[in-house]
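Taken in order, these protein sequences are the chains called A and B. The numbers in our numbering rise by one with no breaks, and the one at position 416 of the first sequence is 1460. The numbers in our numbering rise by one with no breaks, and the one at position 240 of the second sequence is 230.
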Amino acid sequence: MAKYYNKIIEQKPSTSGFVKTEEEKVLFDLYKLNSSYDEMIDKNKQPRTHCYPMYDRLLKMSPEEMEKRHAFAHGDFLRQGITFTVYNDNKGTERTMPFDFVPKVIPQKEWHQIEKGLIQRFEALNMFLDDVYHDQKILKDKVIPRDLIVNCPHFFHQVAHIDVPARQHIFMAGIDLIRDEKGEYRVLEDNLRNPSGLSYVFQNRYVMRKVYPELFYDYSVQSLENQFSKIHASMSYLAPHQNPDPTIVLLTPGVFNSAYYDHSFIAQRSGIELVEGRDLVVQNRSVYMKTSRGLKKVDVIYRRIDDEFLDPLEFREDSLLGVPGLVDAYRAGNVSILNGIGNGVADDKAVYHYVPDMIRYYLGEEPLVKNVDTYLCRDEEQRAYVLEHLDELVVKATNASGGYGMLIGPHATGEEIEKFREQIQINPSEYIAQPTINLSSLPAYKGDRFAACHVDLRVFIFGGETPTVFPGGLTRVALKEGSLVVNSSQGGGAKDTWVLQDEEVDHQEEGEQSHA
Amino acid sequence: MLSRVADSLFWMARNVERADNNARLIAVKLISQLENANHQEELEDNWEELIQISGYQSQYSQQYEKITDRNVIEFLFFSSKNPNSVFTGITIARENAKAVREIIPQELWEMLNSFYLEIKECSESSWEIEKVNDYCELVKNRSLLFQGIVEATLQRGDAYLFMEMGKYIERAEKTSRILDVFFHKNLESYKNVEIVTYHHWWSVLQSVSGHEAYIKTYRPLINDQNVAEFLIFNPSFPRSMYFCIQKVKGAFEMIEDHHVEHYSKSLFEALEYLENDLTDYTIEEVIAHGPHSFLQSFQNRCNKIGQLIAKTYYLGEVTVT
């Protein structure tokens, strides 16, 4: 260890840009720490314990070498067609997700805390969904205001009193975590409808292994390889009538959907058929797919189409993506739909505020991973506070996602703030506000140096016999320096996420780091 | 297999084959342009033939006023407005592949995807006429690679068989179309009839890469009757019409497990019919009755079979009762 310390202490802040005789000094010289928590470099400009070997390897790579590999990795994504579609002026453009090769490394102990906290949350959310579509005890006990739920646009009376297999409404959740200025993990958002990004988790790993193999030498990273057998088992477990050998399909809006690659990858790796709405038909309250040899019964549908488009007979009549009669087949118990219909009521941005209460109410436990403080604009007192502090807060429209419909107070113009003020006053219940949290940062490669860029982490949790947390997740990074928006639609990129297997490299916990 | 998937596989293979054939034709024409460089009249004729083979003469005249090297090559190779251009074929094949990428081998998708990106780059940056031969060569090589990956990695099952059907029905139709256009041309008006005739039929053989196999069968005696016999009836040359139809029929029989059910009866009969035409007639009879009507009826039947395949396997729209 002493060796590393020496090297880093010798390294002095640069005064003359990156013209240096020792190349190893160059890349981190201009690395600026700000008020956020940096996950690799601590306040004394020293790498955190579990990052030593990584830091050391990074210093050994020459800028030319890095540039070459960076280009190779990009080409690899392009060749494999690992792209998402961005819509501008109704024209879709295929883009690769920008990839940054400095991984997020999570020591095993830290991961264990996250795992426990997210399973707790997953279970409470699931119980909430079952309750809210059945007896609504939590509303009767006034833990959550009734009008918030029944007025939520994602609360669907169409699916009330449907008993879903194993009472599991959530098959796959993508929970977004951030770290606050102290490094403490907090839940930013629960995605219980169609969280995307799982394929990128795998592709980031493949590219890392292929292009940057030596970064793995000092670490033993939890493998992703066996995860699909678990995912498949989880889908089968949720089949109707406990059918031991169900026919499972993934329902996609089609090849033009921005997450099509995700759909195709998951279908292929789980060994299930990828279908579009037009491939399915409902007869006698059962769902069939049209094959070259006639109709074949479908038992489980992992759908990646939003509720509103699933069935033109129940929801939007103009939907061409859905299957007429699907909800009726679901109601009859002849087909499972994953994630359940109506899950949006539990990941609503205002309902989010009550998730800690759900955990206390259903499980009698204290939340292990905290929420971010949230002000509900529907509440008069809280609204007054929000309107007073718009320039400090992040305001979010409850029905928007993907980084849209959002005001980041400290970065906004006066005009933008006034626009939000007006909208909040007109439709208070459609807005929530949170303190601006400086998301934690990690080094990202910028051609001639590393810059501290903000990151978050989407963790995937699966239901089934026992809930499973996918080891790692999708680390999203705001590649624009200083930006707090990590969404891929807004210029965000991705990083590989490593969950370490043993305690070797994280035996020393830094004082600065704290856990829930 | 999902009907939609079968449909995509059929058209993926069919469009790769189409792009390949078009590239071969362009390459052959380019060479013969060089060899006949002093006959302006013939240069135009040559290109006109190609546009005819593509079957989209009217689109051409809508888009361009004159027949020039650059216009014709743009139309046949790069134009996204020509539904039959090499670039369009590759674009469609790649879109089909994308829709079934979980079904086909990863290598096949990656190959088609990078192929598309390569050609797209050529067509977007201003392509150079001197390099057209290289572009054609690229398309031929990628098509061979495509077929190689399929042979080496794709499981023999419905996916493979639907691709076989797409590939061979396209190839059969194209060979017939090429022959038809070349027969159509009146060579008598040229001065050196003998030499022109030789070049003419030689380039037919070249455009289907059949010149070597032909010589092994007929010696270097090139005339219309022999060339036509070779390209229509030869049982072992993989681009002859007979060979291709055998392949389509073979794939059909495999899919149906050698039984004919009521839903597949009309397709079976249409294939039988076509096969009989190719076994019952001789080249002398074809020539005597006029090759044009024979080839035309062959192409019509190929179209019909394409439709019947769609109908039999619910490719495209289906109404379920």
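Don't be surprised by glycine CBs; every beta carbon is placed ideally from N, CA and C.
Residues that residue 294 of chain B bridges to, as DSSP identifies them: Taking the second sequence and counting its residues from 1, the one referred to as residue 294 of chain B is at position 304. In the DSSP secondary-structure assignment, residue 294 of chain B is not bridged to any residue.
Residue 1542 of chain A (DSSP reduced to helix, strand or coil): Here residue 1542 of chain A is taken as the residue at index 498 of the first sequence, counted from 1. Residue state, collapsed to three classes: strand.
Cut-off 6 Å between Cβ atoms - residues of its own chain near residue 291 of chain B, not counting five sequence neighbours on either side: Position 301 of the second sequence holds residue 291 of chain B. Contacts found: 264.
Residue 284 of chain B - DSSP class collapsed to helix/strand/coil: What you label residue 284 of chain B is simply residue 294 of the second sequence in a count that begins at 1. Here residue 284 of chain B sits in helix by DSSP.
Span separating the alpha-carbon of residue 61 of chain B from that of residue 48 of chain B: Numbered from its first residue, the second sequence carries residue 61 of chain B at position 71. Numbered from its first residue, the second sequence carries residue 48 of chain B at position 58. In a straight line, the C-alpha of residue 61 of chain B is about 14 Å away from that of residue 48 of chain B.
Reduced DSSP secondary structure (H/G/I, E/B, other) of residue 143 of chain B: For this step, residue 143 of chain B is matched to residue 153 along the second sequence. Helix, per DSSP.
Continuous alpha helix (DSSP H) stretch holding residue 1497 of chain A: start and end: Taking the first sequence and counting its residues from 1, one reaches residue 1497 of chain A at position 453. Looking at the DSSP string, residue 1497 of chain A is not in any alpha helix (DSSP H); the run it does join, the beta strand (DSSP E), is 1494 to 1506.
Span of the beta strand (DSSP E), counted from its first residue to its last, around residue 1332 of chain A: What you label residue 1332 of chain A is simply residue 288 of the first sequence in a count that begins at 1. Segment 1330 to 1335, the beta strand (DSSP E) holding residue 1332 of chain A.
Own chain partners of residue 1403 of chain A with C-beta closer than 7 Å, once the 5 adjacent residues on each side are dropped: Locating residue 1403 of chain A in the first sequence gives position 359, where the first residue counts as 1. Residues 1164, 1165, 1168, 1409 and 1411 of the same chain have their beta carbon placed closer than 7 Å to that of residue 1403 of chain A, with the five preceding and five following residues left out of the count.
Bridge partner(s) assigned by DSSP for residue 1478 of chain A: Along the first sequence, read from residue 1 onward, the residue named residue 1478 of chain A stands at position 434. Beta-bridge pairing links residue 1478 of chain A to A/1438.
With 16 other Cβ atoms within 10 Å as the buried cut-off, status of residue 157 of chain B: Here residue 157 of chain B corresponds to residue number 167 of the second sequence, with the count starting at 1. It counts as buried.
Neighbour list for residue 303 of chain B in chain A, Cβ cutoff strictly below 8 Å: Along the second sequence, read from residue 1 onward, the residue named residue 303 of chain B stands at position 313. By Cβ distance, chain A contributes 1336.
Exposure of residue 1257 of chain A, with buried meaning 16 or more beta-carbon neighbours within 10 Å: Translated into positions along the first sequence, residue 1257 of chain A becomes position 213. With fewer than 16 other Cβ atoms within 10 Å, it is exposed.
Range of the contiguous beta strand (DSSP E) that encloses residue 1222 of chain A: Translated into the one-based positions of the first sequence, residue 1222 of chain A becomes position 178. Boundaries of the beta strand (DSSP E) around residue 1222 of chain A: 1216 to 1223.
Rounded separation between residue 1213 of chain A and residue 1375 of chain A - CA only: Walking along the first sequence from the start, residue 1213 of chain A turns up at place 169. Walking along the first sequence from the start, residue 1375 of chain A turns up at place 331. The straight-line gap from Cα to Cα measures roughly 14 Å.
Own chain, CB closer than 7 Å to residue 1204 of chain A, minus 5 neighbours either side, in chain order: Walking along the first sequence from the start, residue 1204 of chain A turns up at place 160. Hits under 7 Å: 1177.
Beta-carbon neighbours of residue 1311 of chain A, restricted to chain B and to distances below 8 Å: Within the first sequence, residue 1311 of chain A is the residue found at index 267, counting from 1. By Cβ distance, chain B contributes 92.
Close-in-space but distant-in-sequence residues of the same chain around residue 4 of chain B (CB under 6 Å, 5 per side omitted): As a working mapping, residue 4 of chain B is identified with position 14 in the second sequence. 156 and 160.
Sequence-distant residues of its chain with Cβ nearer than 6 Å to residue 1190 of chain A (five each side left out): Here residue 1190 of chain A refers to the residue found at position 146 when the first sequence is read from its first residue. For residue 1190 of chain A, where only same-chain residues beyond five positions count, the Cβ hits under 6 Å are 1183.
Opening and closing residue of the alpha helix (DSSP H) in which residue 235 of chain B lies: One-based indexing of the second sequence puts residue 235 of chain B at position 245. 231 to 245 is the extent of the alpha helix (DSSP H) around residue 235 of chain B.
Any chain B beta carbon closer than 9 Å to residue 1122 of chain A: Counting from 1 along the first sequence, the entry for residue 1122 of chain A is found at position 78. Yes, residue 1122 of chain A counts as interfacial toward chain B.
Range of the contiguous alpha helix (DSSP H) that encloses residue 1488 of chain A: Within the first sequence, residue 1488 of chain A is the residue found at index 444, counting from 1. Segment 1485 to 1489 is the beta strand (DSSP E) holding residue 1488 of chain A; no alpha helix (DSSP H) there.
Nearest-angstrom Cα separation, counted from residue 1505 of chain A out to residue 1237 of chain A: Within the first sequence, residue 1237 of chain A is the residue found at index 193, counting from 1. Within the first sequence, residue 1505 of chain A is the residue found at index 461, counting from 1. Taking the straight line joining both Cα atoms gives about 12 Å.
Proximal residues to residue 296 of chain B (C-beta, below 8 Å), its chain only, five neighbours per side dropped: The residue labelled residue 296 of chain B in the question sits at position 306 within the second sequence. Within the same chain, 159 come within 8 Å of residue 296 of chain B by CB-CB distance, once the 5 residues on both sides are set aside.
Helix, strand or coil at residue 202 of chain B [DSSP, three-state]: Residue 202 of chain B sits at position 212 when you count from the first residue of the second sequence. Here residue 202 of chain B sits in helix by DSSP.
Distance CB(residue 45 of chain B)-CB(residue 74 of chain B) smaller than 9 Å: If you number the second sequence from 1, residue 45 of chain B lands on position 55. If you number the second sequence from 1, residue 74 of chain B lands on position 84. Yes, they are a contact pair.
Rounded C-alpha distance that separates residue 99 of chain B from residue 1123 of chain A: Indexing the second sequence from 1 puts residue 99 of chain B at position 109. Indexing the first sequence from 1 puts residue 1123 of chain A at position 79. Their backbone Cα atoms lie some 9 Å apart in a straight line.
Residue 103 of chain B: contacting residues in chain A (beta-carbon distance under 9 Å): Position 113 of the second sequence holds residue 103 of chain B. Under a criterion of Cβ atoms nearer than 9 Å, the residues of chain A adjacent to residue 103 of chain B are, in order, 1122, 1123, 1124 and 1125.
Under the three-state DSSP convention, the category residue 1364 of chain A falls into: For the purposes of this step, residue 1364 of chain A is taken as the residue at position 320 of the first sequence. Reduced to three states, the DSSP call for residue 1364 of chain A is coil.
9 Å Cβ cutoff, residue 135 of chain B in contact with chain A: Counted from its first residue, the second sequence places residue 135 of chain B at position 145. Output row for residue 135 of chain B: interface = no.
Min CB distance residue 71 of chain B to chain A below 9 Å: Reading the second sequence from its first residue, position 81 is the one you call residue 71 of chain B. Not an interface residue.
Which of helix, strand or coil DSSP assigns to residue 1230 of chain A: The sequence position of residue 1230 of chain A within the first sequence is 186, counting from 1. Three-state result, residue 1230 of chain A: strand.
Distance CB(residue 1496 of chain A)-CB(residue 1078 of chain A) smaller than 9 Å: As a position in the first sequence, residue 1496 of chain A is number 452, starting the count at 1. As a position in the first sequence, residue 1078 of chain A is number 34, starting the count at 1. Less than 9 Å separates the beta-carbon of residue 1496 of chain A from that of residue 1078 of chain A.
Distance CB(residue 289 of chain B)-CB(residue 214 of chain B) smaller than 9 Å: To locate residue 289 of chain B, count along the second sequence from 1; it is residue 299. To locate residue 214 of chain B, count along the second sequence from 1; it is residue 224. No, they are not a contact pair.
Between the CA atoms of residue 1438 of chain A and residue 150 of chain B - distance to the nearest angstrom: Taking the first residue of the second sequence as position 1, residue 150 of chain B is located at position 160. Taking the first residue of the first sequence as position 1, residue 1438 of chain A is located at position 394. Their Cα atoms are separated by approximately 54 Å.
Buried/exposed call for residue -8 of chain B, threshold 16 Cβ in 10 Å: Residue mapping note: residue -8 of chain B aligns to position 2 of the second sequence, counting from 1. Buried, since its Cβ has 16 or more Cβ neighbours within 10 Å.
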